[in-house]
Amino acid sequence: HADRPDHFGTFSEHSNESLETMSAHSVEMHRNALSRDDLVSNGQDLNSSFEEMRHTMLERWCPAGGFWSAVVGILTSAVTPSVLSLPLAVSIAGIPFGLGMMFACVIMTLLSVRFIAMAAVCSSEADYSFVVAYFLGTKARSFVLNVLLFYNFGCGVVNLRFILENFYSLLTYYGVKKQAWPLSFIGLCGICVCLLPLMFRSRISSLKTAGFFSNFAVIAIAVVIVYEYFDQQDELLTRETQRQLKHDAHLIKKAHGIPSTVPSTTIAADATYVNTLQDWASSMIPFLFVAPIYIFSYEVQSNVLSVIEDLHSPTPAQITTIVSTAMAVATVLYVMIGTFGAMTFPTSMPVGGNILQSYPIQNAPLRLSQLMCMFASAVTFLFTMFPCRFAIHSAIWSKGRIPASRRAHISLFLCVAGCLTALLVPDVAVAVSWLGALCSSTLSMTIPALLAFKMRATAGVCQGWYDAVIATVLLVGGIGTAVLGTTMPLWAPKFQN
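For the sequence shown, the positions run 8 to 504 when the working numbering is used.
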């Protein structure tokens, strides 16, 4: 890698020192790394995506290598249609918990990005997996690549599920009910066929303009959700009042003439001493289900290095400002979608993982939002399939360029597998929660914490006591979220109910 440019400008003062601490596995991996010709042929030009963006529409508004181009790049990774699951998260755990989780996720993102950027400086690498290999070894890199493969494929499936559900809503609105699901699946397959030529491209940089417009689509959906809060709340409250009156009348008829033989206080007292631990565990289920959804919404750590790489001589203050700006914009959108979406519905009315399907009145703004959601989901699906394709190629063929025929075969396989898997997803919020617990917590907390500990021991950085405390908190939070977020709902007795 001696011929590689310095990606981080003035950040490279620790590079020579860190080279002395490389493990034997990392040295061997660097010796056997892809050559410049292989990288260029494989769609990973060492000049990054800077030159390819020169002739795109995005270059006119956000010049490549500039501040706003970096902010847009991070927002494209964070703000996806999966944020439509946030109203369900807010309705389950409440607005205070949601705001607290958003604040905690912003702080976590800033701290973990700092560790990742410092590790990239020490290793002179601009790829997340190679940074991990530099400090933690090739086995750790293989683990991270598998996590990224599962994470990106899962994100792609979630986006295909959004397309499928929105197709179904539009068909049922226009009177197609009996054959709505088969036709929706046919429409999903048709969209994937249209996306295949774009997936055959060698580099993802040519799609950055589409990602820019997908951000605007999500912003428009957020505005529509706020509009529906003022437009449909009265109708929903009226329906809820009528439903509650019918329910109360049913209870009165059922209880008429049947006196209670056991005092309620005795029943409550007995219940207090029975299965206290299980009741406590069950009470934690909503929060353990919801927390990974917020972590998933703020996961940008695996893509932030590619954004930093395009900057002109970045500084720590500039990186912090870019990430903070992107997180501030994303948080505003999340608050709009989550709080207004949850407050639109009464407490007893369910909110689905796709809030656009939960509204009883499907008016014109909602139908337009469903079309924009389908567009944003299709673009996000493309962005998630590119790293999946590269991970599959690296796992099977190790290294070397990806021939055009093989690129087409892998892309076709991913499309077919994604469409079939999307049919099996029960609810997008469940899929997002599991992805957040298994993958997002690992990529955004556990791995940055391990990098920080390794840099403290070998690279002479992160020597402050606060760095050790932050890394410990991130490590405990990442492992705890991964373990509790996936296992506790399985054995808690009330989860099935």
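We treat Cβ as the ideally placed atom computed from N, Cα and C, and that holds for glycine.
Specify the secondary structure class of residue i as computed by DSSP and reduced to three states.
i, result
"Lys-184", "coil"
"Asp-317", "coil"
"Tyr-366", "coil"
"Thr-322", "coil"
"Glu-306", "coil"
"Pro-94", "helix"
"Ile-403", "helix"
"Ala-489", "helix"
"Pro-353", "coil"
"Gly-467", "coil"
"Phe-207", "coil"
"Val-281", "Residue placement at Val-281 cannot be trusted, given a pLDDT of 40 that sits under 50; what the coordinates show is reported in the next sentence. In the structure shown, Val-281 sits in coil (DSSP, three-state: anything other than H, G, I, E or B)."
"Val-47", "With a pLDDT of only 40 at Val-47, under 50, the local geometry of the prediction cannot be trusted, and the value read off the model is given with reservation. Val-47 falls in the helix class under three-state DSSP."
"Asn-361", "coil"
"Arg-408", "coil"
"Val-432", "coil"
"Gly-484", "helix"
"His-263", "With a pLDDT of 40 at His-263, under the threshold of 50, the modelled position of that residue is not reliable, and the figure given next carries that caveat. The answer is coil: DSSP assigns His-263 none of H, G, I, E or B."
"Thr-273", "Note that Thr-273 has pLDDT 34, beneath the 50 cutoff, so the model's placement of it is unreliable and the number below is only indicative. Looking at Thr-273 - three-state DSSP - the assignment turns out to be helix."
"Thr-17", "Because Thr-17 carries a pLDDT of 32, less than 50, the predicted location of this residue cannot be relied on, and no value is offered for it."
Taking residue i and residue j to be in contact with their CB atoms under 8 Å, please state how far apart those CB atoms are, rounded to whole angstroms.
i, j, result
"Asn-222", "Val-79", "7 Å"
"Phe-390", "Gly-218", "6 Å"
"Ser-92", "Ile-300", "6 Å"
"Ala-475", "Ala-456", "Not a contact, Cβ separation roughly 10 Å."
"Phe-207", "Ser-440", "About 33 Å; that fails the 8 Å criterion."
"Val-151", "Ile-454", "7 Å"
"Ala-398", "Leu-155", "6 Å"
"Cys-505", "Leu-442", "Residue 505 is absent from the structure shown; the chain starts at 8 and stops at 504."
"Ala-85", "Ala-333", "7 Å"
"Gly-345", "Pro-94", "6 Å"
"Ala-224", "Ala-383", "4 Å"
"Val-386", "Ile-81", "Not confirmed; about 16 Å, so no contact."
"Val-113", "Thr-338", "6 Å"
"Glu-235", "Leu-117", "33 Å between Cβ atoms; not a contact."
"Cys-395", "Phe-160", "5 Å"
Please report the residue range of the alpha helix (DSSP H) in which residue i lies.
i, result
"Ile-4", "There is simply no residue 4 to check, as the chain begins at 8 and stops at 504 in what is shown."
"Gly-101", "Premise fails: Gly-101 is in no alpha helix (DSSP H) and is neither H nor E."
"Leu-421", "411-429"
"Leu-458", "454-461"
"Val-435", "435-442"
Which whole runs of the beta strand (DSSP E) in the segment 115-192 are 3 residues long or more, in chain order?
-> none
Hey, is the segment 168-183 in contact with the segment 373-384, meaning 3+ C-beta pairs nearer than 8 Å?
-> yes
Sufficient close CB pairs (3 or more, under 8 Å) joining the segment 124-143 to the segment 408-426 | no
Given 8 Å as the limit, is there contact between the segment 178-195 and the segment 311-322, that is, 3 or more CB pairs closer than that?
-> no
If we count Cβ pairs, one from each stretch, closer than 8 Å, do we get three or more for the segment 132-152 versus the segment 426-441?
-> no
Flag this pair as touching only if the segment 334-351 and the segment 82-99 have three or more C-beta atom pairs under 8 Å; answer yes or no.
-> yes
Would you check if there are 3 or more beta carbon pairs closer than 8 Å linking the segment 464-473 to the segment 192-207?
-> no
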